[in-house]
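A.B. asks: Have a look at the structure that comes next, please.
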Amino acid sequence: MDADLSHWIPGLFNYWVAVTLFVLGLVIVIDSHNMIKKLIGLNLFQSAVFLLFITMGKVSGGHPPILDPSIEIYSNPLPHVLILTAIVVGVATTALGLALVVRIRRVYGTVDENKIQHNPDVEPEIIP
Amino acid sequence: MSLVTASHLPVLQVIVPMLLAPLCIVIGNRTVARGFMLTAAIAMFGISAALMAGVLDGRIYIYELGGWAAPWGIEYLVDPVTAFVLLTINLVHLLAAVFCLSGNHGAPDETARPSFFAAWLLCISGLNGMVVTNDAFNLFVFLEISSLATYVLISCGRDHRALLAAYRYLVMGAVGATFVLLSVGLLYMQTGTLNISDLANRIAEKGADRTIIMALSFFVIGIGIKCALFPLHDWLPNAYNYAPDSVTVLLSGTATKVALYVLLRFLHDLFSADFSILAMPLDWILIVCGVLGMLLAPLIALRESSLKRMFAWSSVAQISYIVVGVGLGTTAGVAAALLHLFNHSIIKAMIFMAVGILIARTGTARIRHLGSVAHHHRFVCYILLFGGLSLIGLPGTTGFVSKWVLVTAVIDKGSWWLAIPVLAGSLASASYIWRIVETMWAKPAHLELAAQPSGVHFVEWFPMVILAALAVWFGLNATWLTGIADLAASSLVETGIGVAR
Amino acid sequence: MIDMINIGMDIGLLGVLLACALLILRSGSLLAIILLSAAYSLSICALFVILDAVDVAFTEAAVGAGISTVLMLAVIRRQDESLHAPRWPSAISVVTGLGLGLLLIVGTLDMSMYGNPLAPVHLHLAPRFIGQSGAETGIPNVVTSVLASYRGYDTLGEVVVIFAAGLSVLLLLPSANTETGEEHEDRQRRAWIADNPILKAALLRVIPLVLLFALYVQFHGDYGPGGGFQAGVIFGAGVITFGLLCGLGKLLAILSERWVSIGMAAGVLLYAGTGVAAMWRGGNFLDYSTLAETPTAGQHTGILLIELGVGITVAFTMISLFICFSRGRD
Chain U
430 MDADLSHWIP GLFNYWVAVT LFVLGLVIVI DSHNMIKKLI GLNLFQSAVF
480 LLFITMGKVS GGHPPILDPS IEIYSNPLPH VLILTAIVVG VATTALGLAL
530 VVRIRRVYGT VDENKIQHNP DVEPEIIP
Chain H
13 MSLVTASHLP VLQVIVPMLL APLCIVIGNR TVARGFMLTA AIAMFGISAA
63 LMAGVLDGRI YIYELGGWAA PWGIEYLVDP VTAFVLLTIN LVHLLAAVFC
113 LSGNHGAPDE TARPSFFAAW LLCISGLNGM VVTNDAFNLF VFLEISSLAT
163 YVLISCGRDH RALLAAYRYL VMGAVGATFV LLSVGLLYMQ TGTLNISDLA
213 NRIAEKGADR TIIMALSFFV IGIGIKCALF PLHDWLPNAY NYAPDSVTVL
263 LSGTATKVAL YVLLRFLHDL FSADFSILAM PLDWILIVCG VLGMLLAPLI
313 ALRESSLKRM FAWSSVAQIS YIVVGVGLGT TAGVAAALLH LFNHSIIKAM
363 IFMAVGILIA RTGTARIRHL GSVAHHHRFV CYILLFGGLS LIGLPGTTGF
413 VSKWVLVTAV IDKGSWWLAI PVLAGSLASA SYIWRIVETM WAKPAHLELA
463 AQPSGVHFVE WFPMVILAAL AVWFGLNATW LTGIADLAAS SLVETGIGVA
513 R
Chain V
12 MIDMINIGMD IGLLGVLLAC ALLILRSGSL LAIILLSAAY SLSICALFVI
62 LDAVDVAFTE AAVGAGISTV LMLAVIRRQD ESLHAPRWPS AISVVTGLGL
112 GLLLIVGTLD MSMYGNPLAP VHLHLAPRFI GQSGAETGIP NVVTSVLASY
162 RGYDTLGEVV VIFAAGLSVL LLLPSANTET GEEHEDRQRR AWIADNPILK
212 AALLRVIPLV LLFALYVQFH GDYGPGGGFQ AGVIFGAGVI TFGLLCGLGK
262 LLAILSERWV SIGMAAGVLL YAGTGVAAMW RGGNFLDYST LAETPTAGQH
312 TGILLIELGV GITVAFTMIS LFICFSRGRD
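Protein chains in written order, with our numbering: chain U, 430 to 557; chain H, 13 to 513; chain V, 12 to 341.
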């Protein structure tokens with residue numbers, strides 16, 4: 430690989446945006462006190478990785494990988510398969526996280542992590 | 013070594029619990045679900061024992077899922093290291109399942125039971141899948157199966173704070189899993205393959221470029237979260253503390269151990285532990301994390317007010333010993349890591365069973381409420397004492413064996429000074445063990461604590477006693493176990509999976 | 012020329028994604044954040060189409076923009092909790108984020124350029140999938156054949172993950188025996204849809220079409236984008252619409268919770284059962300070639316069965332999620 434910046438910029442642009450989204454998602458996950466916003470940050474964070482996978486599967490001039498005698502160049506199907514699975518896994522995690530959030534709100538009356546930690550009134554009792 | 017491809021054992025190890033979990037839901041009966049859990053546990057232990065026997069006969073099992081040859085399809089691979097870890101986790105799982113059946117330590121809600129057992133089965137299925145798979149993406153999928161099941165099992169704890177613990181673990185765990193996914197993506201991008209043996213060969217041909225190094229870094233962080241590698245251990249104390257007792261036993265005995273195995277496997281398979289080809293001192297990063305963990309975690313444990321959380325911190329410390337063994341990268345280091353992995357699995361499972369019984373009998377987990385408790389619940393307290401001594405690594409216990417091997421490995425590698433933190437860590441463990449011994453035997457009894465009969469159900473003490481017996485046995489006759497660990501370690505370090513094919 | 016347009020759209024959509032992410036970071040209203048994340052999902056969907064990943068785009072549309080948004084809205088429906096005034100990111104997140112981001116940027120420098128057909132990723136496994144999957148499985152959609160056959164075991168894992176999520180939500184949000192005041196209030200609040208006769212009649216007539224479309228997506232997945240997962244989500248959405256229009260009570264009267272959970276399990280059992288059947292007939296787990304006289308016919312049968320399993324589990328899980336999240340007691 431030649432270390433020429435002008436060569437890198439168009440060629441790696443997608444990856445760099447994916448990295449930026451990755452960082453933004455991580456910042457949202459770390460900084461949000463609201464548990465729902467945190468889960469949305471997590472989605473954002475995961476989708477950045479999805480973007481990276483799908484970008485690597487693209488072939489210039491390629492077509493979607495559905496076989497057709499009139500087409501010669503196809504994009505790589507394997508990243509699509511992997512990301513299909515990963516998206517499903519992601520939504521499963523989100524659903525479980527939201528169910529936890531609903532339960533937490535029932536018990537503590539809030540979904541704000543800071544309020545739960547700092548307000549002694551919402552400290553629950555041990556259920557025997 | 014002969015390759016065996018015709019045996020269905022590797023896949024049965026994973027799909028038996030995976031099939032029984034939905035059946036639990038379809039039948040929807042608690043007793044049947046319990047029966048399924050026990051059946052699965054016995055079957056899985058049997059399968060892992062059979063695999064171990066085969067491996068000791070010099071066989072290596074390869075299983076092509078869907079009949080597609082790797083690297084196009086997904087393949088399962090069982091070699092000595094895999095068999096060792098499979099046997100460990102399925103042994104502990106069998107005993108944890110029996111312990112769970114006692115009813116005092118399982119799901120809190122009567123109606124929720126079949127789904128609780130289904131989640132349990134999925135968890136152990138996912139963990140087994142992570143161990144046997146030889147495919148990087150498949151690893152991610154099974155990591156997620158076990159993780160999702162783990163989150164919900166933790167949230168079943170009696171205390172409402174279990175929900176918070178589960179949520180925090182979910183967020184951290186999902187970040188970790190995404191790191192693993194990213195790392196698999198980067199590796200795939202540079203090599204075009206997902207099969208771990210194939211990856212190893214291609215990286216060996218091409219050398220590691222910057223993308224591969226970054227992939228490795230993200231993998232270590234991601235799996236580091238799952239195995240509670242020292243600065244990434246944040247989720248563990250609360251998760252262990254608030255989870256139902258049987259789940260704590262399961263997690264401490266299997267989940268973190270599987271993550272450690274994956275870390276070990278990946279580093280050695282992909283890079284033959286030749287960290288020098290990397291542009292970063294990964295071995296030293298691991299060793300420093302391990303040393304910090306083994307020194308700091310016991311100090312935090314010393315200040316904990318809850319018995320269960322104190323032992324959770326002790327888990328962080330003990331995991332650090334294994335990480336140091338992995339970081340050494342030598343055959344002796346890996347053997348020490350594997351030995352300690354086994355020992356800590358059985359010891360910590362035993363301790364958490366004892367803690368669970370003690371909490372169920374006394375109704376408290378606060379250490380300061382446990383004064384003189386040993387006079388009412390003598391049996392359980394002696395088990396705890398024995399476990400504690402083993403954590404310290406007193407001669408005659410299993411803990412001594414693995415720490416001895418670790419110290420030898422450290423000195424062999426020429427880093428004799430590393431033995432100092434290992435020994436200091438043991439002393440630090442002694443301090444918190446002494447604290448509970450002093451409380452339970454010498455401190456005055458807590459007033460609110462009613463003296464209850466110390467009867468313990470058969471299903472509660474039976475698995476605990478088996479674990480204790482194993483710990484005693486392997487403490488006194490370590491040759492057999494160290495022999496297997498050495499065999500496994502040398503097969504991993506010296507031959508490597510790429511060469512074995 | 013087409014490539015230039017594609018690259019232009021690619022850059023534009025990436026810009027939209029970045030803008031959405033920044034707005035989510037700074038926004039103080041949960042409702043706004045959820046809608047922004049739906050917009051983000053739709054944009055990334057369009058981007059996936061440009062990058063030739065039509066199946067992925069379909070899934071992302073159904074899941075990211077669809078199900079995730081609905082679930083989030085269901086959770087916040089009673090209170091749009093406004094968050095604290097947006098601040099600057101904390102030091103720890105900046106250090107972690109920038110550190111990992113820089114590591115990744117360094118990692119990208121050895122990567123192959125966008126669209127390079129000679130990148131290692133296209134040279135090893137992909138040629139066989141593209142060149143021979145048609146003959147080996149008899150299915151033109153390569154994504155479907157890789158997903159269902161070559162890597163069918165991953166897909167089984169994916170179905171198990173969905174099942175685990177459905178199971179977990181059932182375990183966390185078990186049924187309440189009595190209707191609480193808030194459930195009543197909820198019904199009242201929803202009444203504007205149910206009581207608007209035109210809207211209700213129109214939507215009720217759309218439901219059969221939605222279900223029909225789901226079946227089309229299910230069985231056409233071999234030839235075009237689609238398959239069990241997308242079909243399951245669409246089918247689930249049809250049933251959910253019915254639940255929204257006629258109330259949870261009516262939905263549960265037709266489809267009791269017990270049957271929904273059996274449905275979730277049945278799909279997994281069908282999938283894994285197909286794999287076991289292959290073992291029974293002398294092949295490896297999930298080796299569909301043994302299921303019929305010729306390997307190709309066997310592959311076809313196997314893929315049909317397991318896609319059906321995926322569809323069933325996903326549809327029932329979606330319905331179960333809807334039921335659990337909408338019978339709130341909070």
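We put the CB at the ideal spot given by N, CA and C, even for glycine.
Suppose contacts are defined by Cβ-Cβ distances below 7 Å. Is glycine 383(H) in contact with histidine 458(H) by that definition?
C.D. replies: Yes. Within cutoff.
A.B. asks: I'd like to know whether the C-beta atoms of aspartate 298(V) and glycine 141(H) end up nearer to each other than 7 Å.
C.D. replies: Contact: no.
A.B. asks: Using a C-beta cutoff of 7 Å, does isoleucine 157(H) count as contacting chain V?
C.D. replies: Cβ-Cβ to chain V under 7 Å: yes for isoleucine 157(H).
A.B. asks: Could you tell me the alpha carbon to alpha carbon distance between isoleucine 545(U) and lysine 467(U), rounded to whole angstroms?
C.D. replies: Computed Cα separation, rounded: 15 Å.
A.B. asks: In the DSSP assignment, find the alpha helix (DSSP H) that holds leucine 183(V) and state where it starts and stops.
C.D. replies: Its alpha helix (DSSP H) spans residues 163-183.
A.B. asks: Can you find the residues in the same chain that come closer than 7 Å, C-beta to C-beta, to leucine 193(H), ignoring five residues on each side of it along the sequence?
C.D. replies: Once the five neighbours on either side are set aside, the close Cβ partners of leucine 193(H) are Phe152.
A.B. asks: Just checking: is the beta-carbon of leucine 175(H) within a distance shorter than 7 Å of some beta-carbon in chain U?
C.D. replies: So, interface residue.
A.B. asks: Going by C-alpha to C-alpha distance, which of Leu282(H), Ile312(H) and Val422(H) sits closest to tyrosine 333(H)?
C.D. replies: Of Leu282(H), Ile312(H) and Val422(H), the residue nearest in Cα terms is Val422(H).
A.B. asks: Valine 28(H) to valine 16(H), Cα distance in whole Å?
C.D. replies: The alpha-carbon atoms of valine 28(H) and valine 16(H) are separated by roughly 21 Å.
A.B. asks: Using alpha carbons as the reference points, say which of Asn253(H), Glu472(H), Val187(H) and Trp132(H) lies closest to glycine 169(H).
C.D. replies: Nearest of Asn253(H), Glu472(H), Val187(H) and Trp132(H) to glycine 169(H), Cα basis: Asn253(H).
A.B. asks: Does the separation of the CB atoms of valine 86(V) and leucine 527(U) fall below 7 Å?
C.D. replies: For valine 86(V) and leucine 527(U), yes; Cβs fall inside 7 Å.
A.B. asks: Flag aspartate 233(V) as yes if its beta-carbon sits less than 7 Å from any beta-carbon of chain U, otherwise no.
C.D. replies: False, the Cβ-Cβ gap to chain U never drops below 7 Å.
A.B. asks: Hey, could you find the ends of the alpha helix (DSSP H) leucine 133(H) is sitting in?
C.D. replies: Element bounds for leucine 133(H): 125-144.
A.B. asks: Identify which residue in Ala102(V), Cys31(V), Asn207(V) and Ser272(V) has its Cα closest to the Cα of phenylalanine 474(U).
C.D. replies: Measuring from the Cα of phenylalanine 474(U), the nearest candidate turns out to be Cys31(V).
A.B. asks: In chain order, what residues of the region 455-471 of chain U put their CB closer than 7 Å to some CB of chain H?
C.D. replies: So the list reads Val458, Met464, Lys467 and Leu471, given in the order they occur along the chain.
A.B. asks: Residue ranges of each beta strand (DSSP E) run of no fewer than 3 residues wholly in the region 490-528 of chain U, ordered along the chain?
C.D. replies: The region 490-528 of chain U contains no whole beta strand (DSSP E) run of 3 or more residues.
A.B. asks: First and last residue of the beta strand (DSSP E) that includes serine 209(H)?
C.D. replies: Per DSSP, serine 209(H) belongs to no beta strand (DSSP E); it is in the alpha helix (DSSP H), 208-218.
A.B. asks: Inspect the beta-carbon positions of alanine 212(H) and leucine 282(H) and report whether they are closer than 7 Å.
C.D. replies: Yes.
A.B. asks: Just reading off the alpha helix (DSSP H) that leucine 31(H) is part of, what are its end residues?
C.D. replies: Here the alpha helix (DSSP H) through leucine 31(H) covers 21-39.
A.B. asks: Out of Glu318(V), Ala303(V), Val279(V) and Leu332(V), point me to the one whose CA is closest to proline 34(H)'s CA.
C.D. replies: When only C-alpha atoms are compared, the closest one is Val279(V).
A.B. asks: Have a look at Leu165(H), Trp80(H) and Arg173(H) and flag the residue whose alpha-carbon is nearest the alpha-carbon of glycine 163(V).
C.D. replies: Of the listed residues, the one whose Cα sits closest to glycine 163(V) is Trp80(H).
A.B. asks: Residues in the region 171-200 of chain H with C-beta within 7 Å of chain U's C-beta atoms, listed in sequence order?
C.D. replies: Within the region 171-200 of chain H, the qualifying residues are Asp171, His172, Arg173, Leu175, Leu176, Ala178, Tyr179, Leu182, Val183, Ala186, Val187, Thr190, Leu193, Leu194 and Gly197.
A.B. asks: Would isoleucine 44(V) and serine 38(V) be called neighbours here (beta carbons separated by less than 7 Å)?
C.D. replies: Taking 7 Å as the Cβ cut-off, isoleucine 44(V) and serine 38(V) qualify as a contacting pair.
A.B. asks: Where leucine 155(H) and alanine 189(H) are concerned, what is the direct C-alpha to C-alpha distance, given to the nearest angstrom?
C.D. replies: Taking the straight line from one Cα to the other gives about 7 Å.
A.B. asks: Counting pairs of beta carbons, one from the region 102-115 of chain H and one from the region 54-64 of chain H, are three or more of them closer than 8 Å?
C.D. replies: Verdict: yes, contact present.
A.B. asks: Can you look up valine 540(U) in the DSSP assignment and give me helix, strand or coil?
C.D. replies: Three-state result, valine 540(U): coil.
A.B. asks: State buried or exposed for proline 433(H), treating a residue as buried only when at least 16 other CB atoms are found within 10 Å of its CB.
C.D. replies: Buried.
A.B. asks: Taking the C-alpha atoms as reference points, what is the distance between leucine 315(V) and aspartate 66(V)?
C.D. replies: Going from the Cα of leucine 315(V) to the Cα of aspartate 66(V) covers about 17 Å.
A.B. asks: Roughly how many angstroms separate the alpha carbons of valine 132(V) and glycine 486(U), rounded to a whole number?
C.D. replies: Whole-angstrom Cα-Cα distance: 8 Å.
A.B. asks: Terminal residues of the continuous alpha helix (DSSP H) containing glutamate 316(H)?
C.D. replies: Taken as a continuous stretch (DSSP letters only), glutamate 316(H) belongs to no alpha helix (DSSP H), as it is neither H nor E.
A.B. asks: What does serine 476(U) reach in chain V if we use C-beta pairs closer than 9 Å?
C.D. replies: The answer, in chain order, is Leu28, Tyr51, Ser52, Ile55, Glu71 and Gly75.
A.B. asks: Only counting the same chain, and skipping five residues up and downstream in sequence, which positions put a Cβ closer than 6 Å to that of valine 67(H)?
C.D. replies: So the list reads Pro92 and Ala95, once near-sequence residues are dropped.
A.B. asks: I need the DSSP call for tyrosine 234(V), collapsed to helix, strand or coil.
C.D. replies: Tyrosine 234(V): coil per DSSP, three-state reduction.
A.B. asks: Give a yes or no on contact between the region 132-148 of chain V and the region 222-237 of chain H, applying the rule of three or more CB pairs nearer than 8 Å.
C.D. replies: At 8 Å Cβ cutoff, the stretches do not touch.
A.B. asks: May I have the straight-line CA-CA distance separating leucine 29(V) from serine 504(U), to the nearest angstrom?
C.D. replies: So the alpha carbons of these two residues sit roughly 25 Å apart.
A.B. asks: Is it buried or exposed, threonine 189(V), if we count other Cβ atoms within 10 angstroms and call 16 or more buried?
C.D. replies: Reliability of the predicted coordinates at threonine 189(V) is poor, the pLDDT of 43 falling under 50, and the value obtained from them is presented with this limitation in mind. It is exposed - the Cβ of threonine 189(V) has fewer than 16 other Cβ atoms within 10 Å.
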